[in-house]
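See below for the structure under consideration.
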Amino acid sequence: PRTMIAKDIREMSEVEIQKKLRESREEQVNLRMRKQTGQVEHPHRFRELRLEIARLETILREKKLASADS
Numbered sequence: 014p015r016t017m018i019a020k021d022i023r024e025m026s027e028v029e030i031q032k033k034l035r036e037s038r039e040e041q042v043n044l045r046m047r048k049q050t051g052q053v054e055h056p057h058r059f060r061e062l063r064l065e066i067a068r069l070e071t072i073l074r075e076k077k078l079a080s081a082d083s
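Numbering (my numbering), first residue to last: 14 to 83.
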């Protein structure tokens, strides 16, 4: 899966961002489990996921703050 960039995330609604956040966290958990059994084909995906989750959380927070102001 392609790593999401901030521009893509900003175009999503809060609900869509929360859904993507949940999916990314699930993938992160699954990846950790596979790491324990030595079955990780793409170790770079750990970092990609961590950054993607951080982006999603940041933009979600920005959206929530913006909607609270208006």
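From the three backbone atoms N, C-alpha and C, an ideal C-beta is built for every residue, glycine too.
Check                                                                                                          : Outcome
Residues near GLU61 in its chain [Cβ-Cβ closer than 6 Å; skip 5 each side]                                     : THR16
Helix, strand or coil at ARG15 according to DSSP, with G and I counted as helix                                : coil
Inter-residue CB distance, GLU65 and SER26 (contact presumed, cutoff 8 Å)                                      : No, GLU65 and SER26 are not in contact; Cβ-Cβ is about 17 Å, not under 8 Å.
Own chain partners of ARG47 with C-beta closer than 8 Å, once the 5 adjacent residues on each side are dropped : VAL53
Host alpha helix (DSSP H) of VAL28 (start-end)                                                                 : 27-49
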